[in-house]
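In my numbering, the protein residues as written are 93 to 519.
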């Protein structure tokens, strides 16, 4: 009986340690979750601000470039002279070109790198080249940050690392999905109005509730407590049955007791009746530990399933601790934002698991390739006078070599054979 009671107490201590461990794990996980949520929120805010700043800069740069653009460059012949031309930039005269009478214009080209117009003439003395510098009239466009210039066409460039809130279309640059993302952070239908807050006396300043236990977590703990309570109740029932069995065995034998001391949690008392049957009684001694959930009600043991009967390490009952926690949760408003953040983190965990599975698949493919390489022969073919060897990816072949002279040895699908006759003479 002593061993059984000791085992039951050890089991009780183990259950208590598990409950304390679960409580510590929940608090640690909640702290880690809050840290992750803060990082994600800061990242989203920074990305939104960066995208807005980039959009404004792009609009400003485009406006400046458009204002600088040269609409047209034309050359017009002088009405009074066939060998004199006027250069117009955006409709305004910007220079004159005079062609000598003894020269014939054969080619006109624009040198973009030097910003000049080159006229090539064929004269009586040879080829003559005349350059007209238009550097003051032509601007070179260079694509800045966030812009690309291809075939004289500017386009807005979106970074590969940008989040999905920035979109570039033919209509322009726009920010999309931000309202939906912010809606997930706080649903107006789930938040108290100012009048409701003042009427109920809630705090009007922000209160951090990240360290509080949520209703779902309380429900989960309650389920686990009920499960553990059921297990302890079953164990006590079994222990009581074992106790009765031991008492029956003791009654059948001569016995004595050490009265007044509890051995293994039980005090035995022996009542001697000289003219009748002696009576042995036992009293279960309950531990005075604050976390003890065993109740002795009129001689019957049971495990309490009432929160008021469970004491925590700080001396408070579980019921009192839950009531205080509930008050903190009520004072701090609901946990809609926390639940949304939990959902966001779970989504990231799902993505990490998916990426991990992809890496596993790639690793498996590489391992298969390595095994295939290991299977490939590392032999080199060595030919002899009579045998030719060959090695390919997975096969080694050999072939008999026959002399090129007249030969009576034949090779076919059946193998080697001798095609001839031998005269052994007469004996």
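Cβ atoms here follow ideal geometry from the backbone N, Cα and C, with glycine treated the same way.
Since this is a predicted model, take the numbers as computed values, not measurements.
With 16 as the cutoff for other CB atoms within 10 Å, does residue 107 come out buried or exposed? In the chain shown, residue 107 corresponds to position 15, counting from 1. Residue 107 is buried by the Cβ-count criterion.
Are the CB atoms of residue 181 and residue 156 nearer to each other than 7 Å? Position 89 of the chain shown, counting from 1, holds the residue named residue 181. Position 64 of the chain shown, counting from 1, holds the residue named residue 156. Contact: no.
By DSSP, does residue 156 sit in helix, in strand, or in coil? For this step, residue 156 is matched to residue 64 along the chain shown. The answer is helix: DSSP assigns residue 156 an H, G or I state.
Given 8 Å as the limit, is there contact between the stretch 140–152 and the stretch 255–268, that is, 3 or more CB pairs closer than that? yes
From which residue to which residue does the beta strand (DSSP E) around residue 183 run? Indexing the chain shown from 1 puts residue 183 at position 91. No beta strand (DSSP E) holds residue 183; DSSP gives it neither H nor E.
Could you spell out where the beta strand (DSSP E) holding residue 223 opens and where it closes? Numbered from 1 along the chain shown, position 131 holds the residue referred to as residue 223. Per DSSP, residue 223 belongs to the beta strand (DSSP E) from 218–225.
Quick check: the Cα distance between residue 133 and residue 139, rounded to an integer number of angstroms? Here residue 133 is taken as the residue at index 41 of the chain shown, counted from 1. Here residue 139 is taken as the residue at index 47 of the chain shown, counted from 1. Spanning the two alpha carbons is a distance of roughly 10 Å.
Just the C-alpha distance for residue 536 and residue 227, rounded to the nearest angstrom, thanks. One cannot answer for residue 536 here, as it falls past the ends of the chain, which runs 93 to 519.
Leaving out the 5 sequence neighbours to the left and right, which residues in its chain are closer than 6 Å to residue 177 when beta-carbon positions are compared? Locating residue 177 in the chain shown gives position 85, counting from the first residue. Cβ within range, chain order: 167, 169 and 189.
What residues are listed by DSSP as bridge partners for residue 240? Working through the chain shown from its first residue, we reach residue 240 at position 148. Answer is 247.
Find out if the Cβ-Cβ distance for the pair residue 333, residue 100 is shorter than 7 Å. Position 241 of the chain shown holds residue 333. Position 8 of the chain shown holds residue 100. No, the pair does not count as a contact, with Cβ atoms beyond the cut-off.
Quick one: Cα of residue 98 to Cα of residue 456, how far? In the chain shown, counting from the first residue as 1, residue 98 sits at position 6. In the chain shown, counting from the first residue as 1, residue 456 sits at position 364. C-alpha separation (whole angstroms): 52 Å.
Under three-state DSSP, which class holds residue 255? Within the chain shown, residue 255 is the residue found at index 163, counting from 1. Of the three classes helix, strand and coil, the one that applies to residue 255 here is coil, per DSSP.
Compute the Euclidean distance between the alpha carbons of residue 104 and residue 311, then round it to the nearest angstrom. Along the chain shown, read from residue 1 onward, the residue named residue 104 stands at position 12. Along the chain shown, read from residue 1 onward, the residue named residue 311 stands at position 219. If you draw a straight line from the Cα of residue 104 to the Cα of residue 311, it is about 22 Å long.
Residues sharing a beta bridge with residue 169, DSSP: As a working note, residue 169 is residue 77 in the chain shown. According to DSSP, which records beta bridges pairwise, residue 169 is partnered with 177.
From which residue to which residue does the beta strand (DSSP E) around residue 267 run? Start at 1 with the first residue of the chain shown, and residue 267 comes out as number 175. That run of the beta strand (DSSP E) goes 264–267.
For residue 150, I'd like the list of residues in its chain whose CB is within less than 8 Å of its CB, leaving aside the five on either flank, ordered along the chain. Indexing the chain shown from 1 puts residue 150 at position 58. 238, 239, 248 and 265, listed in sequence order.
Have a look at residue 119 and residue 154 and give me their C-alpha separation to the nearest angstrom. For the purposes of this step, residue 119 is taken as the residue at position 27 of the chain shown. For the purposes of this step, residue 154 is taken as the residue at position 62 of the chain shown. Straight-line Cα distance between these residues: approximately 53 Å.
Rounded to the nearest angstrom, what separates residue 213 and residue 267 at their Cα positions? Along the chain shown, one-based indexing puts residue 213 at 121. Along the chain shown, one-based indexing puts residue 267 at 175. Roughly 57 Å separates the two Cα atoms.
Return the first residue and the last residue of the beta strand (DSSP E) that residue 214 is part of. Locating residue 214 in the chain shown gives position 122, counting from the first residue. Start and end: 208–215.
For a quick check, are the C-beta atoms of residue 224 and residue 209 less than 7 Å apart? The residue labelled residue 224 in the question sits at position 132 within the chain shown. The residue labelled residue 209 in the question sits at position 117 within the chain shown. Yes, the pair counts as a contact, with Cβ atoms nearer than the cut-off.
Which of the three DSSP states is assigned to residue 205 in this structure? Along the chain shown, one-based indexing puts residue 205 at 113. If DSSP states are grouped into helix, strand and coil, residue 205 belongs with coil.
Tell whether a beta-carbon distance below 7 Å holds between residue 173 and residue 179. Translated into the one-based positions of the chain shown, residue 173 becomes position 81. Translated into the one-based positions of the chain shown, residue 179 becomes position 87. The answer is no: Cβ separation not under 7 Å.
Paired residues, beta bridge with residue 197 - DSSP: Along the chain shown, one-based indexing puts residue 197 at 105. Residue 197 pairs with 213.
When you compare each of 442, 184, 322 and 229 to residue 204 by their alpha carbons, which one comes out closest? Numbered from 1 along the chain shown, position 112 holds the residue referred to as residue 204. Checking every option, the nearest Cα to that of residue 204 belongs to 229.
Beta-carbon within less than 6 Å of residue 201's beta-carbon, same chain only, minus the 5 sequence neighbours each way: which residues are those? Taking the first residue of the chain shown as position 1, residue 201 is located at position 109. Taken in chain order, the residues that qualify are 210.
Please name the residue or residues paired with residue 261 in a DSSP beta bridge. Position 169 of the chain shown, counted from the first residue, corresponds to residue 261. Looking at the DSSP assignment, residue 261 forms a beta bridge with 264.
Let me confirm a value: residue 336 is counted as buried when at least 16 other C-beta atoms fall within 10 Å, else exposed. Which label applies? Position 244 of the chain shown, counting from 1, holds the residue named residue 336. Burial call: exposed.
Looking at C-alpha atoms only, which residue of 446, 95, 442 and 142 is the closest neighbour of residue 250? If you number the chain shown from 1, residue 250 lands on position 158. Check the Cα spacing between residue 250 and each of 446, 95, 442 and 142: the tightest is with 142.
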